[in-house]
Amino acid sequence: MRKLKLQVQISVDGFIAGPNGEMDWMVWNWDDKLKKYVSELTEPVDTIILGRKMTDGFVSYWSDIMTKPDDPFYAFAKKMIETPKVVFTKTLNKSQWANTAIATGYLTDEIMKLKSENGKDIIVYGGATFDSSLIKAGLIDEFHLFINPAAIGSGMAIFKHINETQKFTLVKSTPFDCGIVELHYEPKRT
Amino acid sequence: MRKIGVFIHVTLDGFFAGPNNEIDWFKVIKKDAEWENHTHRESQSGSILLFGTTTYKMMKGFWPTPAGIQSDPHMAKVMNESPKIVVSKTLKSLEEEPKWKNVTILRDLNHDTITKLKEEGSGTITILGSGSIIQQLANMDFIDEYELVVVPIILGDGKYLFKNVKITEMKLLEARSFKNGLVSLRYQPAR
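Protein chains in written order, with numbering that gives the first Met the number 0: chain P, 0 to 189; chain G, 0 to 190.
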């Protein structure tokens with residue numbers, strides 16, 4: 000069974016973006032240890048899943064960086080664009096993006112189908128609504144929360160509309176010189 | 000000049016309490032010798048403890064009792080003997096609220112009363128729990144250091160610690176994890 004990893008940049012108070020998508024509070028000058036850490040996390044991934052709403056922004060953002068070989072995120076951008084993607088949508092019936100399939104069925108069914116296929120890890124970044132649905136349905140196997148040193152007061156949350164408590168096991172915490180701390184959890188499944 | 004520090008537990012989704020101030024989720028925290036050592040070491044600094052009415056009542060109902068003393072004798076001693084300030088408009092005078100030592104009441108939390116409190120001495124004032132007090136002081140830029148203890152649970156609903164509080168830059172001082180799944184994150188707000 001393949002694993003579904005969630006990787007997000009998140010504020011101390013649990014938001015992945017400001018109310019209007021602001022990301023100016025994030026740390027962008029990653030230290031080398033963090034860059035290496037994230038690339039190792041991404042290395043065993045051969046499928047990226049995305050919510051439909053986020054896909055346009057995701058694809059255009061990384062495509063743009065892929066045209067700049069000097070950008071510090073160039074290698075990561077290449078990985079993001081070249082890795083096959085599955086976009087979850089209820090409104091589209093065919094993919095509008097290269098290297099991308101669409102999934103239109105029930106979330107849990109589609110995810111379980113993906114997990115049972117042969118392959119390496121599956122990763123999800125966002126958006127917030129899509130992450131919330133996956134968390135609510137208990138489909139995430141590994142949480143990689145990169146806590147940025149800021150509290151933004153309000154914004155887009157990934158833990159939303161979750162009606163019951165969920166418990167986790169801490170696998171490890173890793174602080175980085177640039178001020179980010181990664182918290183790695185696995186859900187406690189009963 | 001006194002410094003003001005915060006020590007508070009938060010859930011992964013950013014709450015310090017459930018929607019009705021529930022803290023039953025503290026039950027998931029397992030006893031852990033290393034964690035206990037950590038809290039003991041921090042509590043030895045001789046701080047003044049400061050809390051809001053809710054936390055005060057909870058603490059007062061526990062630490063001076065035999066159950067409190069038995070659960071952690073060291074911490075009970077610190078809690079019972081340290082100078083304490085409770086911020087409360089509603090609490091009756093302390094003569095009518097016996098059973099705990101070294102308590103003073105602060106009726107109004109504002110720029111002047113806190114400045115006076117800071118200037119009166121040296122050392123640290125530690126706010127324990129008391130999310131609403133933290134919010135007020137954070138918005139007045141009075142917090143010098145945060146220790147957030149991240150509990151490995153999500154509640155789905157509750158009271159946000161940083162509601163209406165915005166600190167876009169903080170310095171990470173230390174991150175430390177414990178075998179019971181807690182992570183202590185220490186930050187200093189950038190000024």
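Where a beta carbon is used, it is the ideal one built from N, C-alpha and C, also for glycine.
Are there three or more Cβ pairs, one per stretch, closer than 8 Å when the stretch 118-133 of chain P is compared with the stretch 132-139 of chain G? The stretch 118-133 of chain P vs the stretch 132-139 of chain G: no contact.
Could you tell me whether any Cβ in chain P is nearer than 9 Å to the Cβ of residue 136 (chain G)? The Cβ of residue 136 (chain G) sits no closer than 9 Å to any Cβ of chain P.
Interface residues of chain B facing residue 159 (chain G) [CB-CB closer than 9 Å]: The structure shown contains no chain B; its protein chains are P and G.
Check each candidate in G:86, G:77, G:75 and G:26 and name the one with the smallest Cα separation from residue 53 (chain G). For the residues G:86, G:77, G:75 and G:26, the minimum Cα distance to residue 53 (chain G) belongs to G:86.
Please list the residues of the stretch 163-183 of chain P that have a C-beta atom closer than 7 Å to any C-beta atom in chain G, keeping them in chain order. Those would be 163, 164, 165, 166, 167, 168, 169, 171, 172, 174, 178, 180 and 182, in chain order.
Can you check which of these residues, P:30, P:185 and P:154, is closest to residue 141 (chain P) by C-alpha distance? The option with the nearest alpha carbon to residue 141 (chain P) is P:185.
Whole-angstrom C-beta distance between residue 46 (chain P) and residue 86 (chain P), which should lie under 8 Å: Taking C-beta atoms under 8 Å as the contact rule, residue 86 (chain P) and residue 46 (chain P) fail to qualify, at a distance of about 11 Å.
At 3 residues or longer, what runs of the beta strand (DSSP E) sit wholly inside the stretch 49-87 of chain G? The qualifying runs are 83-86.
Taking C-beta pairs closer than 7 Å, name the residues in chain G that residue 24 (chain P) reaches, listed in chain order. Simply 167.
Taking buried to mean at least 16 other C-beta atoms within 10 Å of its own C-beta, is residue 91 (chain P) buried or exposed? Counting Cβ neighbours within 10 Å, residue 91 (chain P) comes out exposed, since fewer than 16 surround it.
Does any C-beta atom of chain G lie closer than 9 Å to the C-beta of residue 43 (chain P)? Residue-level contact by beta carbon fails for residue 43 (chain P) and chain G, as no gap is shorter than 9 Å.
May I have the straight-line CA-CA distance separating residue 139 (chain P) from residue 165 (chain P), to the nearest angstrom? Their backbone Cα atoms lie some 12 Å apart in a straight line.
Any C-beta of chain P within less than 7 Å: which residues of the stretch 84-116 of chain G qualify? Those residues of the stretch 84-116 of chain G placed with their C-beta closer than 7 Å to a C-beta in chain P do not exist.
Residue 16 (chain G) and residue 162 (chain G) closer than 9 Å at C-beta: It is not a contact, given that the beta carbons lie outside the stated cut-off.
Use the C-beta contact count for residue 0 (chain G): other C-beta atoms within 10 angstroms, 16 or more gives buried, fewer gives exposed. Of the other Cβ atoms in all chains shown, fewer than 16 fall within 10 Å of the Cβ of residue 0 (chain G); this residue is therefore exposed.
In or out: residue 176 (chain P) buried (at least 16 other Cβ within 10 Å) or exposed? Burial check for residue 176 (chain P): the Cβ neighbour count within 10 Å stays below 16, so the residue is exposed.
For the alpha helix (DSSP H) that contains residue 106 (chain P), what are its first and last residues? Run containing residue 106 (chain P): 106-115, per the alpha helix (DSSP H) assignment.
As assigned by DSSP and simplified to three states, the class of residue 177 (chain G): Note: residue 177 (chain G) maps to coil in three-state DSSP.
Quick one: give me the first and last residue of the beta strand (DSSP E) that residue 4 (chain P) is part of. It spans 3-10 - the beta strand (DSSP E) in which residue 4 (chain P) sits, taken as one unbroken run.
Return the residue from the list G:10, G:166, G:11 and G:84 that minimises the CA-CA distance to residue 123 (chain G). Selected option, being the one with the closest Cα: G:84.
Is there contact between the stretch 17-25 of chain P and the stretch 94-106 of chain P, where contact requires at least three CB pairs shorter than 8 Å? Judged by Cβ distances under 8 Å, the stretch 17-25 of chain P makes no contact with the stretch 94-106 of chain P, as fewer than three pairs qualify.
Reference residue 52 (chain P); option with closest CA among P:63, P:76, P:89 and P:35: If we check each option's Cα against that of residue 52 (chain P), P:89 comes out closest.
Does residue 143 (chain P) come within less than 9 Å of chain G when only Cβ atoms are used? No - not a single Cβ of chain G is within 9 Å of the one on residue 143 (chain P).
For residue 182 (chain G), would you say it is in contact with chain P, using Cβ-to-Cβ distances shorter than 9 Å as the test? At least one beta carbon of chain P lies nearer than 9 Å to the beta carbon of residue 182 (chain G).
Identified DSSP bridge partners for residue 123 (chain P): Residue 123 (chain P) pairs with P:5 and P:48.
Consult DSSP for residue 129 (chain P) and reduce its assignment to one of helix, strand or coil. Three-state result, residue 129 (chain P): helix.
At a CB-CB cut-off below 7 Å, which residues of chain G make contact with residue 18 (chain P)? Within chain G, no C-beta atom comes less than 7 Å from the C-beta of residue 18 (chain P); the nearest is roughly 12 Å away.
Hey, which unbroken runs of the beta strand (DSSP E) at 3 residues or more fall wholly within the stretch 86-174 of chain G? Whole beta strand (DSSP E) segments, 3+ residues: 102-105, 123-127 and 144-150.
Tell me the DSSP secondary structure of residue 167 (chain P) in three-state form. In the three-state scheme derived from DSSP, where H, G and I count as helix and E and B as strand, residue 167 (chain P) is classed as strand.
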